[in-house]
Structure formats: structure tokens, C-alpha cells
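So the structure is just underneath, and the comments pick up after that.
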Amino acid sequence: MTVSWNGVFPAATTQFFPDESIDLKATARHLDIMIKAGISGLVLLGSVGENTALEYDEKLTVLKAMIEAVAGRVPVLTGVAETTTRLACRFANDADKLGVDGLMVLPAMIYKSDSREALAHFRTVARSTRLPIMIYNNPPAYYVDVTPAMFGDLAAEPNIVCIKESSDNVRRITDLINLYGDRFILFSGVDDLLLESVLLGAKGWISGLVNAFPDENQALWNLATAGRWEEARALYRWYTPLLHLDTHIKLVQYIKLAMAEVGLGSETVRAPKLTLAGEERERILGTIRNAIATRPVLGAAAAR
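As numbered in our numbering, residues 1 to 304 make up the sequence shown, in order.
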């Protein structure tokens, strides 16, 4: 199976009203802003999209509304993060019926699978659907490490086409290319490893801070992929304190606070997550406001 996934795919937020009900209009409006900034695709209902805080039917409601709002302008992927393999297969097929373009499949939630169980989960989901699949490897968050060697088993599944590598070990990109050539499309899933990942061969970036800084985020990608390293490094150095926010356990709260500060969304999250308070809130606001105060002027070429 061949797909042309590349470039920046935001891990999009799900916007909520103050009572934690889903604000579909605000979510769609925000997707439109990022599309106009030049992104190449979207990942809905991932970690940043608070997948596991939504009920099953709510996920389908979000998908249906956002697929209609995007209207084919960019590919739309959905996270598949369920507690059982059977439920993951069901969700994959329900998402397919709604018109999603692909799946980002996570290990089964809650239970910590061993390697044999994780591979069986991914294979079973892949065989249950016709859709192309991105495997999301994030051992710090989900306690399952899909190692480069394990992808040898998954290479036999034709619709497993892509890897989101979020292990925080940028060496994995070289290892995967050495083992499998161009069999898998490689996406960086760690915001503050973007330049390193592009240099080593990543073709895409699942980004979190793009939700708050879509223009700067896209400019960084454009500069890096054009090989304009001096300009890219300068922008990266400004952006890195913000990108570090994506690597914290409270990344959703941090990203949504940044969105609120720049006027692109609400900081409301769904419990058990809580909005930030006290010293932590002031510290993160300091990082965000310092970045806003020193925001670079983007050249026209970088913004394309």
C-alpha cells in the first residue's frame, strides 16, 4: 500500500466548553487555521486530542464533524487508543465508515503488553481494516516499546505504512532506515527533536506546539527540509523552550495554555486533567510569554 504522508501533521487538540462538553465549532475553526498555515495532514484524537478522556460515541462525533470541516483539504488520521484489541478493531471500522483517511494505532491502553502481545494487537487491527496505518511508538507514555527489530514482523502487513517514533531516541530513525530502507514512512513524534530527525531522514512531524504556533512551526519544517540549516537553527533555538513543553506529562495542559495565550483556543481540559494553577502555571506562562515577546519575523520564503 502506498500513501503520500509527509510534512507537518498536527496532533490536534479537542476543544471544550468550560463545562468540559466538546466545542465542535472551536475545534473545526482551529483546524482551519492550521490548514491555512500550510500543514500537510491532521491527527485527531491522539494524546493531545485527549482520546482517552472521550467516550466512544463522542470520538465518532468529533471525527464526523472534523472530517466534514476539513473537506478533503488534507488527510485526516485518527488515533486508535482502546483498552482491548476487539474494541480497537471496532473503532477502526467505525472511523473508516466516517471517511477517515488513516489510523494512528497505539498499543492497547491500561494493560502493559509484552512484545508478543503488542505485535498481535497491531497485526489484528491492521487485518481488520483496509485503511493505512501509522504505528505510534511512545514508550515513555504508554510503557510499550516497539523496537526497530519488532517492525520486521509488522512489515508483513501491507497497510502498516508509517511509524511515529516518540521514543526520545533519535538513533532509532537511522536504525529503522538501515533495517527496512523505505518500507516505512518515518515521522518524528518528539517536538524538540525535529531538526535532528529531519537530518537523519524523517519525512514527517507529528507536532504538538503547532496548535499554538502554526506559522513558526511550519516555517521551521520548511527551512529544515530545504536544507537551510543556519536559518532553521536560529528559529529552532527560539522555539525549543516551547517545544520542550511537548515532552512533559502535562503536555496537553501546557499546549492548551499556549493556545489560550495566543488566542487560538481554550485551555479547558477534561478531568482527570485539570488546568494549571499556582507556581506551575506562572512558570509555564513565563516560558510562553517570553517566546511571544521575542517572536521572530518570518521571511516569506520560510513561511512557504
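We put the CB at the ideal spot given by N, CA and C, even for glycine.
Item: With DSSP as the reference, please indicate the residues paired to Met66 in a beta bridge.; Value: Answer is none; Met66 lacks a bridge partner.
Item: So Met134 is in the beta strand (DSSP E); what residue range does that whole segment cover?; Value: 133 to 137
Item: Quick one: grab the DSSP three-state call for Glu55.; Value: coil
Item: Can you check DSSP and say which residues form a bridge with Pro10?; Value: Ser207
Item: Please check the pair Leu264 and Asn211, which I expect to be a contact at CB under 8 Å, by giving their CB distance rounded to whole angstroms.; Value: 7 Å
Item: Output yes or no for whether 9 Å exceeds the beta carbon distance between Leu324 and Leu285.; Value: What is shown of the chain runs 1 to 304, which leaves residue 324 out entirely.
Item: What does the alpha-carbon distance come out to for the pair Tyr56 and Leu45?; Value: 11 Å
Item: Bridge partners of Cys162, per DSSP?; Value: Met134, Ile185
Item: Below 8 Å, how does it come out for the stretch 212 to 219 and the stretch 178 to 187: are there three or more Cβ pairs, yes or no?; Value: no
Item: Do Leu42 and Leu77 count as a contact pair if the criterion is CB distance below 9 Å?; Value: yes
Item: When burial is assigned at 16 or more other CB atoms within 10 Å of the CB, is Ser305 buried or exposed?; Value: Only positions 1 to 304 of the chain appear in the structure, and residue 305 is not among them; the question remains open.
Item: Are the beta-carbon atoms belonging to Tyr136 and Lys164 less than 9 Å from one another?; Value: yes
Item: With C-beta atoms as the reference, is Gly204 less than 9 Å away from Gly49?; Value: no
Item: By the DSSP assignment, the alpha helix (DSSP H) with Met259 in it spans what residues?; Value: 251 to 261
Item: Identify which residue in Asn93, Met34, Leu60 has its Cα closest to the Cα of Val70.; Value: Met34
Item: Roughly how many angstroms lie between the CA atoms of Met1 and Val105, to the nearest whole one?; Value: 17 Å
Item: Can you list, in chain order, the residues of its chain with a C-beta nearer than 8 Å to that of Asp192? Leave out the 5 residues immediately preceding and following it.; Value: Thr240, Leu243, His244, Asp246, Thr247
Item: Tell me which residue opens and which closes the beta strand (DSSP E) that Val43 is part of.; Value: 42 to 44
Item: With a cut-off of 8 Å on the beta carbons, I'd call Ile173 and Ser197 a contact; round off their distance for me.; Value: 6 Å
Item: Thr78 bridges to which residues according to DSSP?; Value: Leu44, Leu103
Item: Looking only at C-alpha atoms, which of Ala81, Gly102, Glu157, Leu119 sits nearest to Met109?; Value: Ala81
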